[in-house]
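Just so it is clear: in the sequence shown, position 352 is 364 by this note's numbering, and no numbers are missing. This report concerns only the one structure given below.
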Amino acid sequence: MLTRLRSHFARQTQIAACGAVVLGLLFVTLLGLRDLKTYVVETIAIGLAAGLAYLIVLYLLERAPEYPGTLWWVLLSAIVFRLLLLPLPPSLSDDLHRYRWEGFIQQLGANPYLTRPADPAFAPLMEEFRARGEVIPGADIPAVYPPLAEQIFRLAAEAARAAPSAALIWFKLPALAGDLFLLCLLAWWIRTTGGRSVQLAIYAWNPLVVVEFAASGHYDALAVAAVLAAILVLARSRQTVSAVLFAAGVLLKWFPATLLPLWLRRLDWPRSRRAWQALAAAALLSLLCAWPYRAAWPEVLDVLAYFESRWHHNNASLYALLTWLADPAAPQDPQVAIPPGAAFHDLAAGLGLGVVAGIALWAAARKLDVLHAAYLLFGATLLFAPNAFPWYFTWMVPLLVFFPHPAWLLLTVLQFLSYHVLIDYQASGVWRFQPQMLWLVYGPFYAWLAAAGLRSNHNLCAALSGYRS
């Protein structure tokens, strides 16, 4: 018995140790580049190498006999990976600079939903950003982030003003906190349900997750953590806590709202009094977050419509294909505004919206498991969205802990290729995702999905034939 335990310990721990060392060295190499945008080709190469190592380690861990101590090895090394990349300036994405701008203007008493970075009144603040070589994305549009995110921007700005030398770190800390909370939440769930360490490694060691949250500081980490916590709490019948956490997730990032019809069904609304109490608590949180920005409420729909017309074809897959099928001459350039009433956009966006809405209503009618519904809805949203930036795919990774699909795991790795857009942008200021690169990103994913579907149908037909005979 003791010999077998030692054998199991040696085999699985050695795999985890080797994987951690390889990934750690690659992240250290990434840290050495410092400005990832300037060295974008090297960044893509390192990201893909880390992704290959990640997939190999998952394969080996999944086949190795389980040893309980491996979970702690995965958890601790994941924390080290994140701390390694935390000092990096956000260069792959400028979103963190937008967070900072919206936080700072709130300190000046302005409403981020009514002001634009390009407004002349804020020219001195913009000059501060330019002097540091920092670009604020979407300078012609007011804030589109939900109100709880804006509140966190404001708090981070207050902390950054008190310690200007650590301003970037202060703005990164919320993303790091959400990421670490999610990491610990998954580790707890795996320990209490008898799961395997490879499940934690799916999220903990995913290179895209580490780079997007620790290096780039995307606040999606907070929203993902809130929504996943809400789902796990709902499974334990803590309806009010679950509703508040779910509301927090939507108030940090809009698209988890696709789960709302199912959530209401799971709460047994409107029949249950507890459901009404839970919704009242969620509504109170929403009101408290949105109230400081109430002057902008009449403008929200106009801003979102403007955003829709100006932001499109950013790493899109099915949306890009559908617009091309509807009109081969339609602009595929993110820098070209979509004209009002454009049939190609209405068809592509309408079909995507219809698919997502259909899944949401079907899941609610069936009272589907919320985790399963989130997996289907978030996946469909990403595939049909006009904008599918690489960090959006971090939403799928914690769900792959519960529904591991190799095609989705591969897609999270291939997202590093999406940063090819920075090559031309650095050289000429042209922001455009090249079609051939998009084929490299999404082609293997859809091919794998199609092959899996055909294999599943073949197995079903074989089973039916055997049953009939």
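C-beta atoms are modelled at their ideal positions from N, C-alpha and C, and glycine is treated no differently. The structure displayed is predicted, hence computed values, not measured ones.
| message | I need the boundaries of the alpha helix (DSSP H) containing T252, first residue and last residue. | response | Within the sequence shown, numbered from 1, the residue matching residue 252 stands at position 240. Per DSSP, T252 belongs to the alpha helix (DSSP H) from Q251 to L264.
| Straight-line Cα distance separating C301 from E54 | Your numbering for residue 54 matches position 42 in the sequence shown. Your numbering for residue 301 matches position 289 in the sequence shown. Cα-Cα distance, rounded: 41 Å.
| Segments of 4+ residues assigned as alpha helix (DSSP H) that fall wholly inside the segment 340-422 | Unbroken alpha helix (DSSP H) runs of no fewer than 4 residues, entirely contained in the segment 340-422, are found at 355-378, 382-396 and 409-412, following chain order.
| Nearest-angstrom Cα distance between Y387 and L363? | Sequence index remark: in the sequence shown, residue 387 carries index 375 (1-based). Sequence index remark: in the sequence shown, residue 363 carries index 351 (1-based). Near 19 Å, if we compare the C-alpha coordinates of L363 and Y387.
| For the alpha helix (DSSP H) that A242 lies in, which residues bound it at each end? | Locating residue 242 in the sequence shown gives position 230, where the first residue counts as 1. From DSSP, the alpha helix (DSSP H) with A242 extends over D232 to L246.
| field | Distance between V382 and L276 (C-alpha atoms, nearest Å) | value | Counting from 1 along the sequence shown, the entry for residue 276 is found at position 264. Counting from 1 along the sequence shown, the entry for residue 382 is found at position 370. Put simply, the backbone Cα of L276 is about 11 Å away from that of V382.
| task | Pull up the distance between the alpha-carbon of L198 and that of A238, whole angstroms please. | result | Taking the first residue of the sequence shown as position 1, residue 198 is located at position 186. Taking the first residue of the sequence shown as position 1, residue 238 is located at position 226. For L198 and A238, the distance between alpha carbons rounds to 13 Å.
| Do the segment 60-73 and the segment 176-190 meet, that is, are 3 or more Cβ pairs less than 8 Å apart? | Contact annotation: the segment 60-73 does not touch the segment 176-190, with fewer than three C-beta pairs closer than 8 Å.
| request: Apply the 10 Å Cβ neighbour rule to T393 and answer buried if 16 or more other Cβ atoms are within range, or exposed otherwise. | output: Counting from 1 along the sequence shown, the entry for residue 393 is found at position 381. Within a 10 Å sphere around the beta-carbon of T393 sit 16 or more other beta-carbons, which makes this residue buried.
| So does the segment 265-281 actually touch the segment 79-89, counting three or more Cβ pairs closer than 8 Å? | Because the criterion of three Cβ pairs below 8 Å is not met, the segment 265-281 and the segment 79-89 do not touch.
| What does N326 pair with, by DSSP beta-bridge criteria? | On the sequence shown, position 314 is the one that residue 326 refers to. N399, per the DSSP bridge assignment.
| query | Could you give the C-beta distance for P77 and Q24, rounded to a whole number, given that I count them as a contact under 8 Å? | reply | Within the sequence shown, numbered from 1, the residue matching residue 77 stands at position 65. Within the sequence shown, numbered from 1, the residue matching residue 24 stands at position 12. So it is a contact: roughly 6 Å between Cβ atoms.
| Spatial distance of A361 from L37 (CA atoms) | Taking the sequence shown and counting its residues from 1, the one referred to as residue 361 is at position 349. Taking the sequence shown and counting its residues from 1, the one referred to as residue 37 is at position 25. Looking at the backbone, the Cα of A361 and that of L37 are separated by about 42 Å.
| said: For P346, tell me which candidate among A242, W443 and R306 has the shortest Cα-Cα distance. | reply: Mapped onto the sequence shown, residue 346 falls at position 334. The residue among A242, W443 and R306 with its C-alpha nearest the C-alpha of P346 is W443.
| query | At what residues does the alpha helix (DSSP H) containing L83 begin and finish? | reply | Within the sequence shown, residue 83 is the residue found at index 71, counting from 1. DSSP places L83 in the uninterrupted alpha helix (DSSP H) bounded by G81 to L97.
| message | Assuming W275 is part of the alpha helix (DSSP H), what are its boundary residues? | response | Within the sequence shown, residue 275 is the residue found at index 263, counting from 1. In the DSSP assignment, W275 falls within the alpha helix (DSSP H) that extends over L272 to R278.
| Which residues in the same chain have their Cβ closer than 7 Å to the Cβ of A260, if we skip the five residues on either side of it in sequence? | Position 248 of the sequence shown, counted from the first residue, corresponds to residue 260. Excluding positions up to five away in sequence, the list reads L160, A238 and L297.
| field | Own chain residues within Cβ distance below 7 Å of A462, not counting five before or after | value | Here residue 462 refers to the residue found at position 450 of the sequence shown. Same-chain partners within the cutoff: there are none.
| field | Cut-off 6 Å between Cβ atoms - residues of its own chain near Q427, not counting five sequence neighbours on either side | value | Start at 1 with the first residue of the sequence shown, and residue 427 comes out as number 415. Taken in chain order, the residues that qualify are L220, P402 and F405.
| request: Determine the closest residue to A62 out of E74, P154 and L42, with distance taken between C-alpha atoms. | output: One-based indexing of the sequence shown puts residue 62 at position 50. For the residues E74, P154 and L42, the minimum Cα distance to A62 belongs to L42.
| field | Close Cβ partners of V210 (< 7 Å) along its chain, the five nearest in sequence each way excluded | value | Locating residue 210 in the sequence shown gives position 198, counting from the first residue. Answer for V210: L70, L73 and E74, listed in chain order.
| request: Please work out which residues of its chain come closer than 8 Å, Cβ to Cβ, to A355, disregarding the five sequence neighbours upstream and downstream, and give them in chain order. | output: The residue given as residue 355 occupies position 343 in the sequence shown. Excluding positions up to five away in sequence, the list reads A338 and D339.
| said: What ranges does the alpha helix (DSSP H) occupy inside the segment 149-176, keeping only unbroken runs of at least 4 residues that lie completely in it? | reply: Uninterrupted alpha helix (DSSP H) stretches at least 4 residues long and entirely within the segment 149-176 occur at 159-174, given in chain order.
| Hey, quick one: how far does the alpha helix (DSSP H) through L194 stretch, first residue to last? | Indexing the sequence shown from 1 puts residue 194 at position 182. Judged by DSSP secondary structure, L194 falls within the alpha helix (DSSP H) whose first and last residues are A179 to T205.
| message | Taking the alpha helix (DSSP H) that H109 belongs to, which residues open and close that run? | response | As a position in the sequence shown, residue 109 is number 97, starting the count at 1. Segment D107 to Q119, the alpha helix (DSSP H) holding H109.
| task | Using the Cα positions of M13 and R208, report the straight-line distance between them to the nearest angstrom. | result | Along the sequence shown, read from residue 1 onward, the residue named residue 13 stands at position 1. Along the sequence shown, read from residue 1 onward, the residue named residue 208 stands at position 196. For M13, the pLDDT reaches just 48, beneath the cut-off of 50, and the residue's location in the model is therefore unreliable, although a value from the coordinates is still provided. One C-alpha to the other measures close to 21 Å.
| Where W443 sits in the DSSP three-state scheme | As a working note, residue 443 is residue 431 in the sequence shown. Look at W443 here: in three-state DSSP terms it is coil, with no helix or strand label.
| task | In angstroms with no decimal places, state the Cα-to-Cα distance between L476 and G465. | result | Here residue 476 refers to the residue found at position 464 of the sequence shown. Here residue 465 refers to the residue found at position 453 of the sequence shown. Note that L476 has pLDDT 47, beneath the 50 cutoff, so the model's placement of it is unreliable and the number below is only indicative. Straight-line Cα distance between these residues: approximately 16 Å.
| query | Hey, out of Q446, L380, T127 and L412, whose CA is closest to G150's CA? | reply | Taking the first residue of the sequence shown as 1, we reach residue 150 at position 138. Cα-wise, what sits closest to G150 is T127.
| query | From what residue to what residue does the alpha helix (DSSP H) around G229 run? | reply | The residue given as residue 229 occupies position 217 in the sequence shown. For G229, no alpha helix (DSSP H) encloses it, and the DSSP letter there is neither H nor E.
| said: Checking 8 Å against the spacing of the C-beta atoms, do L104 and S228 come in under that value? | reply: By one-based count along the sequence shown, residue 104 stands at place 92. By one-based count along the sequence shown, residue 228 stands at place 216. At the C-beta level, L104 and S228 come within 8 Å of one another.
| Just to confirm, are Y431 and I148 a CB contact at a threshold of 8 Å? | Walking along the sequence shown from the start, residue 431 turns up at place 419. Walking along the sequence shown from the start, residue 148 turns up at place 136. No, Cβ-Cβ distance for Y431 and I148 is not below 8 Å.
| Inter-residue spacing [alpha-carbon to alpha-carbon] between R248 and T424 | Counting from one through the sequence shown, the residue named residue 248 turns up at place 236. Counting from one through the sequence shown, the residue named residue 424 turns up at place 412. Each residue's Cα considered, the two are about 30 Å apart.
| field | For L299, three-class secondary structure by DSSP | value | Working through the sequence shown from its first residue, we reach residue 299 at position 287. Here L299 sits in helix by DSSP.
| With a CB to CB cut of under 6 Å and the five nearest residues on each side skipped, what residues in its chain are close to A171? | Locating residue 171 in the sequence shown gives position 159, where the first residue counts as 1. These residues qualify, in order along the chain: W182.
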